[in-house]
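What follows is a single structure, written as C-alpha cells, with notes after it.
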Amino acid sequence: MDRYIARIVDDELGELVAGLPAISIEGPRAVGKTETALRRARTVHRLDDARHQEILRAEPERLVAGEPPILIDEWQRMPYSWDLVRRAVDRDPAAGRFLLTGSAAPAEAPTHSGAGRIVTVRMRPLSLAERGTGRATVALSGLLSGRRPPLEGSSDLRLADYADEIVRSGFPAMRTLSPRLLGVQLDGYVDRIVEHDFDDLGRNVRDRRALRSWLTAFAAATSTSASYATIRDAATPGEPDKPARSTTIAYRRVLEQLWMIEEVPAWLPTSNRLTRLAASPVHQLADPALAARLLGVDAGALVDGADAGPAMPRDGTLLGALFESLVTLSVRVYAQANEARVSHLRTRAGEREIDLIVERADGRVVALEVKLSALIDDNDVRHLHWLAGRIGPNLLDAAVITTGQQAYRRHDGIGVIPAALLTA
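For the sequence shown, my numbering assigns the number 109 to the initial residue and increments by one for each residue that follows.
This is the structure in C-alpha cells:
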C-alpha cells in the first residue's frame, strides 16, 4: 500500500522539475523530503550511507551520472556535490536532471551559490490541510485574489482536536505512532540536535545542558517577540553567570541552519501610511509539537490551561501560542504555493498587532488574525479595520482564523475561517 501523504509542495515541484534543470528541497529532518523526491527520481545517491559515500569520494563524477532525475540525498554531507551539479547544469541545462535534498546548510559552504542553476524549494511539516482533518473549503489563493469570495464550509474539529494536532506533529512518519512512541521519537529528535547536529556542523558545544535549556526557553517563547536577552534569562533563572550573547546567537544560527527555527519577520512596508512599526521577529520552532515536547505538555494539559517551562511574558495561554504556531506553519505552506511571503505586524508600543501578513509580489496583502476561540466579536477584528483604514485597497482581504466550525463573512466583510478549512 502506498502510504505517501500528498503534499501541497508536490504541485510546485512538478512544475519546477518540468522546466528547470536542478531543484534543491530543503527543510528539517523528517518532513518527508526524501520520500517526495524518490517519487520522481530514477537514479538515487544516498549520502547518509557511509559505504556509498566512500565510493563517491573516490569517484565524485558518479554523482552526476545516471538516468535523470538524479537524486542526491543529504547533499550537505558532501558539500562539493553542489558544485558538481552546478557544473553539470552548465554543460547541459536540460530540465529535470537533478534533485537534491538537505536537512542542514553545510558547515563547509559550496564554492558558488548555484544562482541561476539550482533552485531551492522549502519543505515544512504537514499543514492542517495535508493531515486529513477534513475537507478544506477556503483557499488562500481566493483571499489573495482580492475578489473577497464567499466563505463556506464546516469543520468537525473542536478545541481538543486542535490541541491533539499540535502534539501529534506534522512529521509524516510520526503521526501514526501511539502517544508513548511519539514522545520517544520527539525526545530522540531533540537529542539528535543537541548531541550530534551541532557537532556535524562544526560547532563545538561546551555545555550541552545550557543548549538544551536555551532551546526549551525558545520553545516557551513560541508566538512571542521576546528579546534574546529575555530568552537567555529564562533559560538560566537564578544563575549569576549568563551565557554570552555571542553564545546564544551561535545557538540560533545553527538551529536556523538545521531549519529548526523559522521566525516570522516583521512586515516593514514602504508605505508612509504605516509608521513606528516594530522590527522584532515572532519566534517559531519548525513544528509546534517540538515546543510542546520540550515544555513537557500533552494535549490534555494544554486544554486544561496548563503553563509549563520557563516563565515567559505572553498574551494568553500556552495553548493559544501553540495554536498560533500551528496556523503559522500551515499558512506558510499555503503562501509558498501562491508565491507569497508571510510576516507579522506590530507597532513599537504594541497597541496594534496583526498575527500574519501574507504579501503578494506586488506588495498587496491579506491580513490574518489567529484567535483561540470559536466566537468572534467586534473586539477581535479591530486591528484588521485599523489596517484597512491605513492601506486601503492594498488590503486584499482580512480574516480571523479560529477554532470554530463554520466559515463565513461577518457583516463588515471580515472573514471567519476555522483553521482546518483553510488551504492553499
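Note that beta-carbon positions come from the ideal geometry of N, C-alpha and C, so glycine has one too.
What residue does the beta strand (DSSP E) around L323 start on, and which one ends it?
-> Residue mapping note: residue 323 aligns to position 215 of the sequence shown, counting from 1. Element bounds for L323: not the beta strand (DSSP E) but the alpha helix (DSSP H), R316 to A328.
What do you get for H304, buried or exposed, if any count of 16 or more other CB atoms within 10 angstroms of its CB means buried?
-> If you number the sequence shown from 1, residue 304 lands on position 196. The C-beta of H304 has fewer than 16 other C-beta atoms within 10 Å across all chains shown, which makes the residue exposed.
In angstroms, rounded to a whole number, what distance separates the CA positions of M109 and A130?
-> The residue labelled residue 109 in the question sits at position 1 within the sequence shown. The residue labelled residue 130 in the question sits at position 22 within the sequence shown. Note on M109: pLDDT 46, under 50, position unreliable in the model; the coordinate value appears next. In this model, M109 and A130 are separated by some 30 angstroms (Cα to Cα).
Measure the alpha-carbon distance for L171 versus A416 and round it to whole angstroms.
-> On the sequence shown, position 63 is the one that residue 171 refers to. On the sequence shown, position 308 is the one that residue 416 refers to. A direct Cα-to-Cα measurement between L171 and A416 gives close to 48 angstroms.
Separation of P373 from A387, as counted between CA atoms = The residue given as residue 387 occupies position 279 in the sequence shown. The residue given as residue 373 occupies position 265 in the sequence shown. Going from the Cα of A387 to the Cα of P373 covers about 8 angstroms.
Meets three-Cβ-pair contact criterion under 8 angstroms: the region 361 to 377 and the region 287 to 306 = By the Cβ test, the region 361 to 377 is in contact with the region 287 to 306, since at least three Cβ pairs between them sit closer than 8 angstroms.
Could you work out which residue in L155, E477, R353 and R381 is closest to G497 when comparing CA atoms only?
-> Your numbering for residue 497 matches position 389 in the sequence shown. Looking only at L155, E477, R353 and R381, the smallest Cα-Cα distance to G497 is reached by R381.
Pick from A237, D118 and L192: whose alpha carbon is nearest that of E167?
-> Here the question's residue 167 lines up with position 59 in the sequence shown. Taking E167 as reference, the option from A237, D118 and L192 with the minimal CA-CA separation is L192.
For E347, which of helix, strand or coil comes out of DSSP?
-> Here residue 347 corresponds to residue number 239 of the sequence shown, with the count starting at 1. Coil.
Are the region 266 to 282 and the region 327 to 347 touching by the rule of at least three beta carbon pairs closer than 8 angstroms?
-> In short, these stretches do not touch, since the Cβ pair count stays below three.
If you follow the alpha helix (DSSP H) that V117 is part of, which residue opens it and which one closes it?
-> Counting from 1 along the sequence shown, the entry for residue 117 is found at position 9. Here the alpha helix (DSSP H) through V117 covers V117 to G127.
Same chain only: Cβ atoms within 7 angstroms of R137, ignoring 5 sequence neighbours per side = Walking along the sequence shown from the start, residue 137 turns up at place 29. Taking C-beta separations shorter than 7 angstroms and ignoring five residues to either side along the sequence, the partners of R137 in its chain run S211, following chain order.
Name the two residues that bound the continuous beta strand (DSSP E) containing I133.
-> Position 25 of the sequence shown holds residue 133. Judged by DSSP secondary structure, I133 falls within the beta strand (DSSP E) whose first and last residues are A130 to E134.
Would you say R401 reaches chain B, if we count a Cβ-Cβ gap shorter than 7 angstroms as a contact?
-> In the structure shown, chain B does not exist; there is a single protein chain.
Nearest to A325 by CA position, among E169, T344, E134 and R316, is which residue?
-> On the sequence shown, position 217 is the one that residue 325 refers to. Per the C-alpha coordinates, the member of E169, T344, E134 and R316 positioned closest to A325 is T344.
Where does the unbroken beta strand (DSSP E) through L179 begin, and where does it stop?
-> Here residue 179 refers to the residue found at position 71 when the sequence shown is read from its first residue. First-last of the beta strand (DSSP E) with L179: I178 to D181.
Status (buried if at least 16 other CB within 10 Å, exposed otherwise) for V292 = Taking the sequence shown and counting its residues from 1, one reaches residue 292 at position 184. Answer is exposed; the Cβ neighbour count stays below 16.
Which residues mark the beginning and the end of the beta strand (DSSP E) in which V473 is found?
-> Residue 473 sits at position 365 when you count from the first residue of the sequence shown. Its beta strand (DSSP E) spans residues V473 to V478.
Please confirm if the region 393 to 410 is in contact with the region 255 to 274, defined as three or more CB-CB distances below 8 angstroms between the two stretches.
-> Counting Cβ pairs under 8 angstroms, three or more are found: they touch.
Between which two residues does the beta strand (DSSP E) harbouring I462 extend?
-> The sequence position of residue 462 within the sequence shown is 354, counting from 1. Where I462 is concerned, the enclosing beta strand (DSSP E) stretches over E461 to E467.
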